[in-house]
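Visitor:
Numbering (my numbering), first residue to last: -8 to 93.
1) Output the residue ranges of the alpha helix (DSSP H) runs that lie fully inside the segment 33 to 92 and measure 4 residues or longer, sorted by chain position.
2) Just verifying my parser: in three-state terms, what is the DSSP assignment at residue 0?
3) Give me whichever residues DSSP pairs with residue 9 in a beta bridge.
4) Please tell me whether residue 73 and residue 46 are closer than 9 Å, where the distance is taken between their beta carbons.
5) Hey, is the segment 65 to 83 in contact with the segment 47 to 56, meaning 3+ C-beta pairs nearer than 8 Å?
6) If you drop the 5 nearest sequence neighbours on each side, which residues of the same chain put their C-beta closer than 8 Å to that of residue 68?
7) Please report how far the alpha carbon of residue 81 lies from the alpha carbon of residue 60, in whole angstroms.
8) So what's residue 14 in DSSP terms, helix, strand or just coil?
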């Protein structure tokens, strides 16, 4: 709230300021409306199923590419770790999501 500085004319009459007619409750209502979290758009189950299918396809493509990678023992170990992470984490998660969307 602004400081209560009053201004008077030469006859001693208090001059009106914008704060004399300020509606605090209306301003608070306006602020409350602005602070509500915006609704995030939701996807339909069909859209989600399609996205899960696209992700699954991408991971399958990565796995196919990793099968072509050749190299020394260090490369083989890293390739095996990547394949394991995809199979054990990402594809399992996608399967769980597909089950929930069914």
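C-beta: ideal position from N, C-alpha, C; glycine also.
Guide: In brief:
1) 36 to 59, 64 to 76 and 82 to 92
2) coil
3) In the DSSP output, where bridge partners are listed per residue, residue 9 has none listed.
4) no
5) yes
6) none
7) 20 Å
8) coil
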